[in-house]
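**Q** First residue of the sequence shown: 1, per the working numbering; consecutive thereafter.
For every residue, glycine included, the Cβ atom is placed at its ideal position computed from N, Cα and C.
For clarity, every value in this text was computed on a predicted model and none was experimentally measured.
Please see the structure below; I have some questions.
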Amino acid sequence: MADLANVQASKLTKAEALKYLSTFPTEEVLDLFTLDELRKVVTKLRHAQLQEKNKSLPDVKETEQSGNSKQDLNVQDNTEDSSTIDRNVNIVTNADMNDKNFEFHQNKDCWEEYVERMELSFIANDITDEAKKAATLLTKCGTETYRLFRELCSPAKPRDKKFAELVKTMQEHLNPKKNEAMERRKFQQAKQAPTEAVKDYVARLKELALHCNFTDLNGALRDQFICGIADQHTRVTLFSTDDLTFEKALKLATTREAAVKNAATTRSTGSSNSSEVKWMRQQGQRQQQQKKAEPMQANVIINNNKMKMEIDTGLYVAAMSDIDKEKYFPNVPLTKSDLDLTSYGNLSLNPLGMLKNLSVSFVDKTRFLDLYVMKGQGPLLIGRQWLKEFDLWPLQLNTQGCYNGRKIKLHFIDNVKPIQLKPYHAAFALEKKISAEIQRLIKVGNLEPVSVSKWAKSIIPVLKKNGEVRICRNFKLTVNPQLIVKRHPIPLREKIFVTLRAGNKWSQIDLKHAFMQFELDDASKEALTIITPDGLFRYTKLGEGRTDEEHIEILKEVFSRLEKAGLRVNPAKCDFFKDKIEVLGLVTFYEKFLPDRVKHVKPLYGLCNKEKWNWTQECQKGFEWLKTEASDKVLALYDPEEHRLQRWAYFLSGYTYTIEVVKSKANGNCDALSRLPAKDKTPVFEKEYTGINYINEGLQTIDYSVVSSQTSKDSILKRIITFLQNDWPKSDDLSSAEKNFYTKRNELNIEKGCLTWGHRVVIPQELQKELLKELHSTHMGIVKMKQMARNYIWWPNIDKDIEAVATSCKICLEARPEPAKTTITPWKWPSTRWTRIHIDFLGPFYSDMYLVVVDAHSKWPEIINMKKDTASKKLISVLDVLFNRFGLPKQLVSDNGPQLISAEFKGYLKKNEITHTFSPPYYPATNGAAENFVRTFKTKVSKMIKDGNEKDFAINRFLGDYRNTEHCTTERTPSYLMFKRELRTRFDLLKPDVTGTVEKNQHNSNRTKMNNRTYEFRENDTVYVRDFRRDTGKRTEAIILEKLCPVTYNVRLKDGYVTKRHVNQIVRASTTPPKRGEIGDAAKGNSNTVNDSGRSDNEKESIVKQKKKTRKVNTEFRRSKRLQNRQN
């Protein structure tokens, strides 16, 4: 037995715990499979060992006197000086709890196991106080878990919770309660995997049963264990054992499993010495096999040493023994391993070290890789790490096969004419993918490039789900019409279905690129040439119930034939030993017999006609409906041993008929019901088997004897019975009441004095009222009443009678739910703004009431804060402000609020001739404009306030954006419809300023013009100007009188007329024009310019007088001209 004194049970893995417990008697651990249970047993055994050792230790005082108390307290030296086992437990437990590994990690640890460990530590440390338990949990659980506790306990603090409350809170968060029915279903579906050990299977069953709440857990475990055990011999043994319990079944299964393993080991080792086991086999890296398979060897060159290595895909690294290391690389130093290697079962492997950066040459490639050295003997192994470096992992096992029989030859008709087509233009996004797929097909040998071909067919690229492209080609326009086709009889699907009926397990096999596995002969390849954006390519291959023992034999035969032919299957699309497989053909055949199939499967058929595949919710509903309606009965395989439906046999028993053979042309599809097996064991020809008996199921006061009695008294039904017993007269000779039965004459029967239509009893008029009352006794609706009646009774116009009873019931009318809402009727849109307005009160909204006013034409909103005063007087004053701003509307729409229906408010509207329209009481949706705006206002402004904005700012900002945003109804902004212009908003600041641009351009225009004169004239200068009174086109002499502005002067013409001229209209009389910049020179004081400061006072006075005189002359001149014009 192992020494457990130094073992910390809380840190053991499952493999380590099993390793320790394997040294103890088997009975101790037989039923233990979970890690928590194993840890508990290790802890129990460890305590027992410590207790045994404690008895042999010297007295505490003697130990202390020896001066070795510190050494005696050391747990690792196994010399505890404690007088009791509790002290020893405390030492180890405290060490565990102080370790960081005692923290709880959400994505790694199990909460239930963690709580059990915590409870064990409470026991070991004698912690009984609830507050101390909670504090210990919160301090040891770790930072992340404590943060989660705070969030889950908020607003309370975790420290205020008890230990049990904290555990329950975390349990509900991490492991919510599971559905018992679903957990039981998972438990019942658990089967042992082929490579799963019995003990692991039992552990999985126990884990699945945790939330199943079985009343008899051992019984449930026993039943599922027997049904799910993989070994057939073990299952037979368990079924044949009497008084079998779960423990007994487990012992038998483990014994059988151990015996099989021992037999296999003995057979594989043979006469060799059992102690000579290689190191890799000791570590579990290579499993013994019942059938020996030759290892796959590879020639590898490592540091110029040629050697053979075995490829082991179960190994990750490359490894060699220390013996081979000394043989091939004696001078290469060993370095410490950088990986923790483990084998199957998580058993640790301890490599001696590794050889770093070895030069490895393999498959014409060289890489620098690491090689691990193990102790002992064994072959040189290449693992997945090296294979990946040489691009050999993952292994390409799912490759395409090739038929090893004869090559396929295409036989053409005489005088065949090759056909060439132009290539289709593919989307640019697909060109690279098309090229990649072509190169892949060339690589696997399915395509080969050609330069010239008489044949050419364009391709159609189809995008697959994984993003790759499938190259599709359709030779029906080129090759197919020219072929001589050999017809081979293909079995009908009905024959296949008959063959399938014998089995209860099915398998389906899919060949990998099936047609691509058949190679073409050279003469046929040219006809299958395709034209692509990359050129011409041609195909080298064709383009693209029984018992389990019997089932296995058939599969072996199928795979044997495939292997002999060199063909390979596609494992991803194969199914084996399935209880059911999907066969769409059955649904396609039988869906025509399903009721109301058109409205359900229409979306599915619509997918076939659409260019773009779009699986909608309606398609999913139709698919689910098909699965539900096309049940096991409808899709049942035909079995001649099964009975037909009893009702059909009963129905046909009422007729005299002969069976005739009808040709397929004249016969439609067989009725699906004729093929349905029925489990109904009711005798077909029972004497009292009649539909009349059904009437007693729903009625207590009336039975068929009453119906028979009243039928004999009913004048109409008596005549109908007479017609049935004799012959029916012509339809024209019947009364209107009798004509109702004439169309059903072939379906009417007489049973026990009652008239029946099919399985429904025809009720005499005397009983109809009473039966209608009985049908409505539970106050069901019209549809339910009709459904009930159609199962039992009938008379002419029964549907109308049922509707009349249901709609006239006072109790039903009083309790009737709200009727279906009518379609929305919009208000008529007014043609002008502020003609009709809608108002409503909003609030309390953040403790205030608001008045909402919306113009129906422009959708312009106004929001007025009414504070807490919504009385009619305040309402009138607010509306008065709006009406004086925008004018009086013609119509006002509101709800029935007290202030809106008050006499004062009515008088105000009447005075201003405003029509008042009310919405119906308790139906505010009629006032849609205001109600919709209120909803939008509340939602948006509340979000802005939550975003940290002040209430008034949020309201104003919302109104600004709403008024300047297009309305969904008018498709124009409210501001434009209200004012015929857009409001300037903060977003307009983002646009360039037009005014500044114009001013800048004007300035640049003045600078760039060529006629930028800078002349300046003085008074009394002689100049030439045009006289616009006489439009002669010539200038006349004039004198400068005064300067009015920088570019405008008053001039006097020869006849004394004074007028104003621009500087551009004045020409200087001097023969030598002044130079540019003359004005500037004058400003600087040049002698060419004389200013007023150089004149004397007399001169200045004379100039003033002259100006006055000029004005007077001009005034008189104008006056005379006006008089002359009047006279003319």
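1) To the nearest angstrom, how far is the alpha carbon of residue 124 from that of residue 146?
2) Take residue 317 and list the residues in its own chain whose beta-carbon comes closer than 6 Å to its own, dropping the five residues that flank it on each side.
3) Where residue 170 and residue 109 are concerned, what is the direct C-alpha to C-alpha distance, given to the nearest angstrom?
4) By the DSSP assignment, the beta strand (DSSP E) with residue 461 in it spans what residues?
5) Buried or exposed: residue 17, going by 16 or more other Cβ atoms within 10 Å of its Cβ?
6) Given a cut-off of 8 Å, decide if residue 408 and residue 459 are closer than it, judged by their beta-carbon atoms.
7) Just to confirm the assignment: which complete alpha helix (DSSP H) runs, minimum length 4, are found wholly within the region 885–953?
8) Between the Cα of residue 1151 and the Cα atoms of 132, 1034, 535, 768, which residue gives the shortest distance?
9) With 16 as the cutoff for other CB atoms within 10 Å, does residue 319 come out buried or exposed?
10) Which parts of the region 420–469 are runs of the beta strand (DSSP E), unbroken and 3 residues or longer, counting only runs that do not cross its ends?
11) Helix, strand or coil for residue 157, going by three-state DSSP, please let me know.
12) Say whether the region 969–987 touches the region 1028–1040, bearing in mind that this needs 3 or more beta-carbon pairs closer than 8 Å, one atom from each stretch.
13) Decide if residue 905 is buried, meaning its Cβ has at least 16 other Cβ atoms within 10 Å, or exposed.
14) For the region 763–793, list the alpha helix (DSSP H) runs that are entirely contained and at least 4 residues long, ordered along the chain.
15) Going by C-alpha to C-alpha distance, which of 1024, 1016, 1036 sits closest to residue 1043?
16) Quick one: residues in its chain with C-beta nearer than 7 Å to the C-beta of residue 886, no 5 flanking neighbours on either side, listed in chain order?
17) With a floor of 3 residues, list each beta strand (DSSP E) that falls wholly inside the region 217–244, ordered by position along the chain.
18) Along the beta strand (DSSP E) that carries residue 111, what are the first and last residues, could you check?
19) Could you check what DSSP says for residue 532 in three-state terms: helix, strand or coil?
20) Just reading off the beta strand (DSSP E) that residue 361 is part of, what are its end residues?
21) Just to confirm, is the Cβ distance from residue 102 to residue 157 under 8 Å?
22) Going by DSSP in three states, residue 571 sits in which element: helix, strand or coil?
23) I'd like the span of the beta strand (DSSP E) that includes residue 1040, first residue to last.
24) When the distance is taken between beta carbons, is residue 600 closer than 8 Å to residue 484?
25) For residue 745, which of 736, 723, 751 has the nearest alpha-carbon?
26) Which of the three DSSP states, helix, strand or coil, is assigned to residue 849?
27) Count the other C-beta atoms from every protein chain shown that fall within 10 angstroms of the C-beta of residue 1163, then say buried if there are 16 or more, exposed otherwise.
28) Using a Cβ-Cβ cutoff of less than 8 Å, which residues in the same chain neighbour residue 832 once the five nearest sequence positions on both sides are dropped?
29) Check for me: the beta strand (DSSP E) holding residue 298 runs from which residue to which?
30) Look at the Cβ atom of residue 491, then the Cβ atom of residue 455, and state whether they are nearer than 8 Å.
31) Who are residue 537's beta bridge partners in DSSP?
32) Would you call the region 706–724 in contact with the region 745–764, where contact means no fewer than 3 C-beta pairs closer than 8 Å?
33) Just to confirm, are residue 872 and residue 899 a CB contact at a threshold of 8 Å?
34) What residues match up with residue 1062 in a beta bridge as DSSP calls it?
35) Just the Cα atoms here: how many angstroms apart are residue 1118 and residue 1126?
36) Near residue 558, what residues of its chain come up, given a Cβ to Cβ distance below 8 Å and the 5 sequence neighbours on each side ignored?
**A** Reading from the atomic positions:
1) If you take the alpha carbons of residue 124 and residue 146, they lie about 24 Å apart.
2) Only 372, 383, 385 meet the Cβ criterion.
3) Taking the straight line joining both Cα atoms gives about 13 Å.
4) Annotation: the continuous beta strand (DSSP E) that includes residue 461 extends over 460–463.
5) Buried.
6) No, these two residues do not count as a Cβ contact at 8 Å.
7) Counting only runs of at least 4 residues, the region 885–953 fully encloses the following alpha helix (DSSP H) elements, listed from N- to C-terminal order: 903–911, 928–946.
8) Any question about residue 1151 goes unanswered here, given that the chain covers just 1 to 1128.
9) It is buried - the Cβ of residue 319 has at least 16 other Cβ atoms within 10 Å.
10) If we require 3 residues or more, the beta strand (DSSP E) runs fully inside the region 420–469 come out as 447–450, 460–463.
11) Of the three classes helix, strand and coil, the one that applies to residue 157 here is coil, per DSSP.
12) Verdict: no, contact absent.
13) Per the 10 Å Cβ criterion, buried.
14) The DSSP assignment places 765–775, 782–790 as complete runs of the alpha helix (DSSP H) inside the region 763–793, in order along the chain (cut-off: 4 residues).
15) Per the Cα distances, 1016.
16) Within the same chain, Cβ atoms closer than 7 Å to the Cβ of residue 886 are found at 834, the five residues on either side in sequence being excluded.
17) Look at the region 217–244 and you find no whole run of beta strand (DSSP E) that is 3 residues long or longer.
18) That residue, residue 111, is in no beta strand (DSSP E); its alpha helix (DSSP H) goes 111–124.
19) Here residue 532 carries a strand assignment [DSSP, helix/strand/coil].
20) For residue 361, the uninterrupted beta strand (DSSP E) run begins and ends at 353–362, by DSSP.
21) Taking 8 Å as the Cβ cut-off, residue 102 and residue 157 do not qualify as a contacting pair.
22) Of the three classes helix, strand and coil, the one that applies to residue 571 here is helix, per DSSP.
23) Unbroken beta strand (DSSP E) run through residue 1040: 1035–1045.
24) No, these two residues do not count as a Cβ contact at 8 Å.
25) Scanning 736, 723, 751 for the CA closest to the CA of residue 745 turns up 723.
26) Three-state DSSP puts residue 849 in a strand.
27) Any answer about residue 1163 is impossible in this case: the structure gives the chain only from 1 up to 1128.
28) If the five residues before and after residue 832 are omitted, its C-beta is found closer than 8 Å to the C-beta atoms of 857, all from its own chain and listed in chain order.
29) Looking at the DSSP string, the run of the beta strand (DSSP E) that includes residue 298 is 297–302.
30) Cβ atoms of residue 491 and residue 455: not closer than 8 Å.
31) Under DSSP, the beta-bridge partners assigned to residue 537 are 449, 530.
32) Under the three-pair Cβ rule at 8 Å, the region 706–724 counts as touching the region 745–764.
33) With contacts defined by Cβ atoms closer than 8 Å, residue 872 and residue 899 form a contacting pair.
34) Answer is 1048.
35) One C-alpha to the other measures close to 12 Å.
36) Excluding its 5 nearest sequence neighbours in each direction, residue 558 has C-beta neighbours in its own chain below 8 Å: 509, listed in chain order.
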